[in-house]
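Single-structure report; data block below.
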Amino acid sequence: MTGVPPGARVFCIGRNYADHAKELNNPVPAAPVVFMKPAACLVPPGEPLRFPPHGEDLQHEVEIVVRVGDGGADITEDEALDRLDAITVGFDLTLRDVQQRLKAKGLPWEQAKAFEGAAPLGEFVPIDRVDPVDLRFHCDIGGERRQSGHTADMLFPIPRLVAHLSAIWTLAPGDLIYTGTPAGVGPVRPGDRLVAAAEGIGEFAWDVLGR
Ligand code: ZN
Numbered sequence: 737m738t739g740v741p742p743g744a745r746v747f748c749i750g751r752n753y754a755d756h757a758k759e760l761n762n763p764v765p766a767a768p769v770v771f772m773k774p775a776a777c778l779v780p781p782g783e784p785l786r787f788p789p790h791g792e793d794l795q796h797e798v799e800i801v802v803r804v805g806d807g808g809a810d811i812t813e814d815e816a817l818d819r820l821d822a823i824t825v826g827f828d829l830t831l832r833d834v835q836q837r838l839k840a841k842g843l844p845w846e847q848a849k850a851f852e853g854a855a856p857l858g859e860f861v862p863i864d865r866v867d868p869v870d871l872r873f874h875c876d877i878g879g880e881r882r883q884s885g886h887t888a889d890m891l892f893p894i895p896r897l898v899a900h901l902s903a904i905w906t907l908a909p910g911d912l913i914y915t916g917t918p919a920g921v922g923p924v925r926p927g928d929r930l931v932a933a934a935e936g937i938g939e940f941a942w943d944v945l946g947r
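According to my numbering, the sequence shown is numbered sequentially starting from 737.
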């Protein structure tokens, strides 16, 4: 995908908004919940999305996504925003029925979160064009407003996420961070149009194919 080098990692943060953790009956975490998707899951705007064949309850999670510029290890919160170079909005698509089954058994989430097409992603803008910790974003599914978020409501703000991740992984140019979703997640159906938008960044759309 344009702007994402081969080998880039896609870090995803779970339960980063208290209202979303609550709607799924998850505890508010004491540290960021981290999982990953392969970069092969990314889908640029306008490309069709296939409904995954192995689940029924496909759900949208609209999220602000940042891209690592300089990167490095052990980045402090103070220097974190300077190590990012671009920002956009995208979807962390999730097969909720599959995820609930896996969670109940304590099994990994890949089948629910890392299927083909699971990461529709908008076009990047330079991160200095917006204030990443004071940013409104939303999604419309099938013409209906489903989620509205504000990055100031993150339990772990973007600088904290960069510090947390870079204490474990040496962040490399082009790595991405999906920063978590606010409340309002819900079903995506075959034929739906998914629209993700953020102020100062843009609006991006994908159509889900029939089954
Ligand atoms: Zn998510």
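For each residue, glycine too, the CB sits at the ideal point set by N, CA and C.
*Name the residue from Arg865, Gln883, Asp943 whose alpha carbon lies nearest to the alpha carbon of Asp818.*
As a position in the sequence shown, residue 818 is number 82, starting the count at 1. The option with the nearest alpha carbon to Asp818 is Arg865.
_Distance CB(Phe940)-CB(Pro781) smaller than 7 Å_ = On the sequence shown, position 204 is the one that residue 940 refers to. On the sequence shown, position 45 is the one that residue 781 refers to. Yes, the Cβ-Cβ distance between Phe940 and Pro781 is below 7 Å.
_Burial state of Thr887 (16 or more Cβ within 10 Å)_ = Working through the sequence shown from its first residue, we reach residue 887 at position 151. With 16 or more other Cβ atoms within 10 Å, it is buried.
*CB of Glu846 to nearest heavy atom of the ligand ZN: below 6 Å?*
On the sequence shown, residue 846 is found 110 positions in, with the first residue counted as 1. It does not: the Cβ of Glu846 is nowhere closer than 6 Å to a heavy atom of the ligand ZN.
*Exposure of Arg881, with buried meaning 16 or more beta-carbon neighbours within 10 Å*: Taking the sequence shown and counting its residues from 1, one reaches residue 881 at position 145. That one is exposed.
*Host beta strand (DSSP E) of Glu880 (start-end)*: Position 144 of the sequence shown, counting from 1, holds the residue named residue 880. Run containing Glu880: 880 to 886, per the beta strand (DSSP E) assignment.
_Please list the terminal residues of the continuous alpha helix (DSSP H) segment that includes Asp755._
The residue labelled residue 755 in the question sits at position 19 within the sequence shown. That run of the alpha helix (DSSP H) goes 754 to 759.
*asked:* Quick check on this structure: which residue in Gly920, Leu897, Ala933 has the alpha carbon closest to the alpha carbon of Glu813?
replied: The residue labelled residue 813 in the question sits at position 77 within the sequence shown. That would be Leu897, whose Cα lies nearest to the Cα of Glu813.
*Compute the minimum distance between the beta carbon of Glu797 and the heavy atoms of the ligand ZN, and state whether it is under 6 Å.*
Numbered from its first residue, the sequence shown carries residue 797 at position 61. Yes, the ligand ZN has a heavy atom inside 6 Å of this Cβ.
*Flag Thr824 as yes when its Cβ comes closer than 6 Å to any non-hydrogen atom of the ligand ZN, and as no otherwise.*
Against the sequence shown, residue 824 aligns to sequence position 88. Not under cutoff, so the answer is no.
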